[in-house]
Every structure is written in C-alpha cells, then in structure tokens.
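Okay, so here's the structure we're looking at.
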Amino acid sequence: MEEALHELEPAEVTGQKEDVISELPDDMLACILSKLNTRDAIRTSTLSKRWRHLCSLLRQLTFDHSTISGTNPPNWGNDSGYYKDFEGYLAFQELRLESFARVDQFFLSFKGTKIDSLSVTCFIDEETASRANQLISSAIAMGVEELKLDLTNWWYLGPNAVRRCFILEEDVYTFPHWLFTQSTGSSLKHLSLRNCILRPLAEVGEGFSKLKTLRLEVVYLDQVSMEAIFSKCLLLEELHLSNCKLSFLKVDSASLRKLMIHWCRATKVQISALNLIDFECLGQPSSNIALAT
C-alpha cells in the first residue's frame, strides 16, 4: 500500500506523456524520416511545430499513387498487372493527374536545399508538361543525383489480353534535357525514364558528364541521340534499353561495363565497348549483333 502512495510526477498527474522523440537533434529526426515513405514523412509535419520544418530535411523523395493516396488504383488486376476495363484505365489516369498536382503542390512549398533522389510516377498531359519541367528544374537546382520518371500511359485489357493501347507520339512528354547544363545538371549520376521522348540530343552540353547509369524504357530516341549520350557521358557504366524501337543501334563507349538491350527490335546492333563485362540481349536475332574485337 505504501509503495502505491508514491509522489506523482507532473506528467502522471496530467495524463500526458513526455515527447522524447521531438527533443532529438534534427539530423537524428531526419534519419527517422528517411525510413518512412514520402507520404508518411510529409504527414509528420502536422504533429507539432517542432516537426513542421523537418520535411525540408528529406533527401530521398518518392511520389506515386500508393504513397500519395495510400490506396491501389481502381480496377487494377493485382495478380497480372492489367486494367480490367477501359473505365478503370480512365479512372487511374485521372488519379495520376491528381497525383502530379499534389507533387507539384509539395514542391511549391518545399523548403529543402538538397535532395539526393527523386522518383515520380504519374501521368503528364499537355497542360501539365510545363509544370513538370519546373519540377525537374527545381530538382536540378537542389543537386539531385538520381532521377526516375515513370510516365506510363498504356494499358492492358482483360485477364489474358495481349492488346495494348498507346498514346500517340505527339502526345508523349518530351524530357527536358536542355535544362541540364554544366552549371546546373552536373550532379546527376543515375537517370531512369519510362514512356517519354528523349531527342534530339545533339546539342546536349556537359549536363550529363557525371552520369553513370541510364535506364530507358519505351522511350522515343534515335541513333543521333545515342551518339550524343556516348560522347557526353564519358563515365557511363550501365545502359538499359527496353522497348525503345531503334532501327539501328551503335554502342561506342570505353567506360560501359553493363549493357542490357530488351525488345528494341533493331535491324542492326554494333557494339564497341572494351570494358564491357555484362551483356544481355532479348528479342534480338544474334545474327544482327556485331561485337568489335
């Protein structure tokens, strides 16, 4: 009985618990935030005044439908990755546009000065293209080292379907490579693009001079663009090309160590890469591939 009659501390009297975590220094709180997905990390800003500015310390930003809304797209075939009907496709594209609007809103209020990586999965139409360019420009200004854009806008129909519907090329987003100059874009080391246009690249300067990894999937480009990549990206070590539909592909790089070519259906492939140690080619007749000796 006497043990139960101890003197109560103020926190016990009020029923409030001491907020120990908020007393940690900013760098430790930033480490905690880095373990959360971007959506949950942003939500912590509503906890208290102490947490309000901590989102500016985030260095890895990932935005997609699930992290923004917290739910899966409607009518999405979870087991096979297809849209069950056209209405589901339209509903998903509407949500992707809404997702981009939220990403845009976040960057307008973001107070951070440095980010390491930015990953965005959304649908960009003609009206939002200029805002997307501004977003990329902001990421460049903050020294982004890894950039991933997934702008997929094709869809499967039916559980066993082989039919796909694609947006016309003139409606596909053009990646603003001209924003990457020697003074602004030289921090970029890893670039991944899906479903966009990457051409012409002949006028590209030194903005990709530190690029080490390049992944292109369903990207519209040509041999002129590829030659510009190899001539400007002298540190490039990994190149992944998937469904890029190149009629002719010439790979000429002394730094390249890994090369993946999947279903590009080029009629001729010439490879000159003395330091290449990992090569994979799918959907391409071996008779069309010429390796320099």
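Straight run, no breaks: the sequence shown in our numbering ends on number 300.
Beta carbons: idealized from backbone N, C-alpha and C, even for Gly.
The Cβ neighbour count for I278, taken over all protein chains shown within 10 Å, is at least 16; the residue is labelled buried. When the five nearest sequence neighbours on each side are left out, the beta carbons in the same chain lying within less than 6 Å of the beta carbon of L253 are those of C271 and A273, in order along the chain.
With contacts defined by Cβ atoms closer than 8 Å, K257 and Q230 form a contacting pair. If you compare the alpha carbons of L242, W58, D259 and Y180 with that of S193, the shortest gap goes to L242. Within 10 angstroms of the beta-carbon of C38 lie fewer than 16 other beta-carbons, which makes it exposed. Per DSSP, reduced to three states, the secondary structure at V27 is coil, with no helix or strand assignment. Under the three-state reduction of DSSP, C203 is assigned to strand. Within a 10 Å sphere around the beta-carbon of M35 sit fewer than 16 other beta-carbons, which makes this residue exposed. Judged by DSSP in its simplified three-state form, R222 adopts strand.
For L241, there is no enclosing beta strand (DSSP E), as DSSP marks it with neither H nor E. Residue range A136 to A148 is occupied by the alpha helix (DSSP H) that includes A148. In this structure, L195 is the residue among L281, S232, T135 and L195 with its C-alpha nearest to the C-alpha of A146. Per DSSP, the continuous beta strand (DSSP E) segment holding D157 begins and ends at E153 to D157.
With a beta-carbon spacing of about 13 Å, N282 and L298 fall beyond the 8 Å limit used to define contacts.
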